[in-house]
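Participant: Plus 617 on top of the position in the sequence shown (first one is 1) and you've got this note's numbering. C-beta atoms are modelled at their ideal positions from N, C-alpha and C, and glycine is treated no differently.
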Amino acid sequence: APLQAVHEGEVLRHLGDLRQVPLARRAPRDYPHSTMASPVVQNLDGAGVDTRMRQAVLGLGVSLAALVGLAASHAPVWLAVFLFVPFFGVTLLAMQSLYGTCVFMGASGMRDFGDGHEKIACPITCGALRSQAKRIWATSVGSALAMTGLAFAALAIR
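1. Just the Cα atoms here: how many angstroms apart are Thr708 and Ala689?
2. Ser680: buried (16+ other C-beta within 10 angstroms of its C-beta) or exposed?
3. Name the DSSP bridge partner or partners of Asp729?
4. What residue from Thr765, Leu746, Ile774 has the CA that sits closest to Leu700's CA?
5. Relative to the C-alpha of Arg747, which residue among Gly759, Ser725, Thr668 is closest?
6. Run through DSSP, which three-state label would Gly717 get?
7. Closer than 7 Å by C-beta to Ala673: which residues in its own chain qualify, once you throw out the five before and the five after it? Chain order, please.
8. Can you have a look at Gly676 and say buried or exposed, based on whether 16 or more other CB atoms are within 10 angstroms of its CB?
9. Taking C-beta to C-beta, are Met722 and Lys736 nearer than 8 Å?
10. Going straight from the alpha carbon of Val698 to that of Phe769, what length do you get?
11. Quick check: the Cα distance between Thr742 and Ala773, rounded to an integer number of angstroms?
12. Considering only their Cβ atoms, is the gap separating Ala750 from Leu684 smaller than 8 Å?
13. Cβ of Asp662 within 8 Å of Cβ of Gly731?
14. Could you tell me if Pro703 is buried or exposed, where buried requires 16 or more neighbouring beta carbons within 10 angstroms of its beta carbon?
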């Protein structure tokens, strides 16, 4: 079978030589996440990364405005639990941007480097992408729980 649209690293992954290609260097543009020490399998182009980070920053501003609104209106402390949802969305978007990985496309073994969605042919890369997506989900849940806990604390000490 002919090789189809493989990126740097997939061929070498098949050959077993992982020392030569740091997958984090696959960033379409030079983003801060492209210098991470651990190998990162990416499935987003620069525009997807930028869009997710912009959405995360905007969502964080809206979430913090909601927290300030709760504090200003002297709402009960337990209402901070509803901030988990926007905090989770914000952290999920930020983590996807930092890792250059869409967790939804990763679950189906897809990538988008600007030419539309395409199926990833390498099963090893698909497995690494799914594993990374699970880490992003877990990190996002943990971060959102921590942010919600801080919101509880902020409302409790007002």
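Facilitator: Result, derived from the coordinates:
1. Position 91 of the sequence shown holds residue 708. Position 72 of the sequence shown holds residue 689. Cα-Cα distance, rounded: 25 Å.
2. Start at 1 with the first residue of the sequence shown, and residue 680 comes out as number 63. Buried.
3. Walking along the sequence shown from the start, residue 729 turns up at place 112. Leu661, His734, per the DSSP bridge assignment.
4. Looking up residue 700 in the sequence shown gives position 83. It is Thr765.
5. As a first step, residue 747 must be located in the sequence shown, where it is residue number 130. With distances taken between Cα atoms, Arg747 lies closest to Ser725.
6. Against the sequence shown, residue 717 aligns to sequence position 100. Note: Gly717 maps to coil in three-state DSSP.
7. On the sequence shown, position 56 is the one that residue 673 refers to. Only Val707, Leu710, Ala711, Ser714 meet the Cβ criterion.
8. Translated into positions along the sequence shown, residue 676 becomes position 59. Buried is the call here.
9. Position 105 of the sequence shown, counted from the first residue, corresponds to residue 722. Position 119 of the sequence shown, counted from the first residue, corresponds to residue 736. Contact: no.
10. For this step, residue 698 is matched to residue 81 along the sequence shown. For this step, residue 769 is matched to residue 152 along the sequence shown. Rounded to whole angstroms, Val698 to Phe769 spans 8 Å at the Cα level.
11. Walking along the sequence shown from the start, residue 742 turns up at place 125. Walking along the sequence shown from the start, residue 773 turns up at place 156. So the alpha carbons of these two residues sit roughly 46 Å apart.
12. Here residue 684 corresponds to residue number 67 of the sequence shown, with the count starting at 1. Here residue 750 corresponds to residue number 133 of the sequence shown, with the count starting at 1. No.
13. As a working mapping, residue 662 is identified with position 45 in the sequence shown. As a working mapping, residue 731 is identified with position 114 in the sequence shown. Cβ distance < 8 Å, so Asp662 and Gly731 count as in contact.
14. As a first step, residue 703 must be located in the sequence shown, where it is residue number 86. The residue in question, Pro703, is buried, as its Cβ has 16 or more Cβ neighbours within 10 Å.
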